[in-house]
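Okay, so the sequence shown: first residue is 729 according to our numbering, each after it adds one.
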Amino acid sequence: MTREEFYTRLPDFKPHPTTAVPGIDAFVDVFRKAIDKGAEAIISLHIGKALSNTVDVARLAAEKIKEIPVHVFDPGNLSLGTGLLVREAAIMAEAGEKVKVILEVIAGKAKRTYTFAVLSTLEFLRRSGRLSNFMFGLGSLLILKPILKMNDGVTDMERTRTFNGSHNRLMQLVEELGELEQLAFVHTHAPEKLALLQQEAAYLVPEGTIPLVGEVSPVIGAHIGPGAVGFSVIKAA
């Protein structure tokens, strides 16, 4: 199933999709494949522990690897918030940087990495059990547009009344961070909203960089639904 098909069919799935952490053996298999390809050390980054137990399972798997050191790092973020840090680590690894230095740099950048996204509805948070029926009813009554925020392992949610209001607040949140090192656009099968955001937020893109664009995976999309759009950014030091 393609991501497009998943998001198109998501509102009508019965029962609603659920998500689960991969087993320890899945991580061990990936680690051993890296060893077979000649890896001398592994840095393993995943979705933040505040949202998933993935990091904990990866750490259990790392304990089973004796041949080389496996460093499991919790970036405290999600989607391209994690992806930007993975890319930074990969660039340094390709350049031959020491593992200790890579981990130190990534730890510093993780504290300056933020993800903000406007959801089109509260419905999918309710279906996945991440929102009480009471709050869903209140939000639907007021036609609230939630903005999800994550930084350094802490999640939060703001509520705005309209799409335009949430869109403007989304831009404001990024502006308030000041100078940026990196900016990326994220969405859940929302090409028209993405195009609008890319056009209006062009001035936020750090000079000399090309922003990544990522469609959020179904694992996260099952909880937030289609039509979400936002940013993942690394604030300048």
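Ideal Cβ positions, reconstructed from N, Cα and C, are used throughout, including at glycine.
Here the structure is a predicted model, which is why all the values come from computation and not from measurement.
Under a Cβ-count criterion, where at least 16 other Cβ atoms within 10 Å of its own Cβ denotes burial, should residue i be classed as buried or exposed?
{"i": "residue 918", "result": "buried"}
{"i": "residue 730", "result": "exposed"}
{"i": "residue 867", "result": "Note that residue 867 scores 44 on pLDDT, short of 50, meaning its location in the model is unreliable; the coordinates nonetheless yield the value given after this. Per the 10 Å Cβ criterion, buried."}
{"i": "residue 819", "result": "exposed"}
{"i": "residue 921", "result": "buried"}
{"i": "residue 824", "result": "exposed"}
{"i": "residue 776", "result": "buried"}
Anyone know if the C-beta pair for residue i and residue j falls short of 7 Å?
{"i": "residue 844", "j": "residue 873", "result": "no"}
{"i": "residue 709", "j": "residue 960", "result": "Since the first and last residues shown for the chain are 729 and 965, residue 709 lies out of range."}
{"i": "residue 905", "j": "residue 963", "result": "yes"}
{"i": "residue 850", "j": "residue 803", "result": "no"}
{"i": "residue 846", "j": "residue 933", "result": "no"}
{"i": "residue 952", "j": "residue 891", "result": "no"}
{"i": "residue 759", "j": "residue 771", "result": "no"}
{"i": "residue 827", "j": "residue 792", "result": "no"}
{"i": "residue 882", "j": "residue 747", "result": "no"}
{"i": "residue 879", "j": "residue 842", "result": "yes"}
{"i": "residue 790", "j": "residue 752", "result": "no"}
Between the Cα of residue i and those of the options, spot the shortest distance and give me the residue it belongs to.
{"i": "residue 782", "options": "750, 813 and 771", "result": "750"}
{"i": "residue 815", "options": "939, 896 and 769", "result": "939"}
{"i": "residue 915", "options": "933, 806, 746 and 836", "result": "806"}
{"i": "residue 854", "options": "759, 809, 739 and 730", "result": "739"}
{"i": "residue 936", "options": "908, 947 and 924", "result": "908"}
{"i": "residue 716", "options": "778, 790 and 788", "result": "Residue 716 lies beyond the stretch modelled for the chain, which goes from 729 to 965, so this question has no answer here."}
{"i": "residue 903", "options": "930, 881, 889 and 923", "result": "930"}
{"i": "residue 754", "options": "785, 764, 875 and 837", "result": "785"}
{"i": "residue 763", "options": "808, 809, 945 and 796", "result": "796"}
{"i": "residue 809", "options": "927, 901, 920 and 911", "result": "911"}
{"i": "residue 798", "options": "825, 768 and 901", "result": "768"}
Since residue i and residue j are thought to touch, with beta carbons under 8 Å apart, how far apart are those beta carbons, to the nearest angstrom?
{"i": "residue 942", "j": "residue 848", "result": "Actually they do not touch by this definition, with Cβ atoms about 18 Å apart."}
{"i": "residue 913", "j": "residue 925", "result": "6 Å"}
{"i": "residue 745", "j": "residue 950", "result": "4 Å"}
Can a CB atom of chain B be found closer than 7 Å to the CB of residue i?
{"i": "residue 760", "result": "Here chain B cannot be found, since the structure has a single protein chain."}
Just to confirm my understanding: we take residue i, look at its own chain, exclude 5 residues before and 5 after, and list those with CB closer than 8 Å. What are they?
{"i": "residue 787", "result": "800"}
{"i": "residue 732", "result": "917"}
{"i": "residue 741", "result": "none"}
{"i": "residue 965", "result": "836, 840 and 909"}
In chain order, what residues of the same chain lie with their CB nearer than 6 Å to the CB of residue i, ignoring the 5 residues before and after it?
{"i": "residue 817", "result": "771, 830 and 834"}
{"i": "residue 887", "result": "872 and 874"}
{"i": "residue 928", "result": "none"}
For residue i, collect the residues of the same chain with a Cβ closer than 7 Å to its Cβ; drop the 5 residues on either side in sequence, then sort them by chain order.
{"i": "residue 837", "result": "813, 816 and 962"}
{"i": "residue 894", "result": "846, 873, 875 and 888"}
{"i": "residue 735", "result": "916, 917, 949 and 954"}
{"i": "residue 821", "result": "830"}
{"i": "residue 780", "result": "749"}
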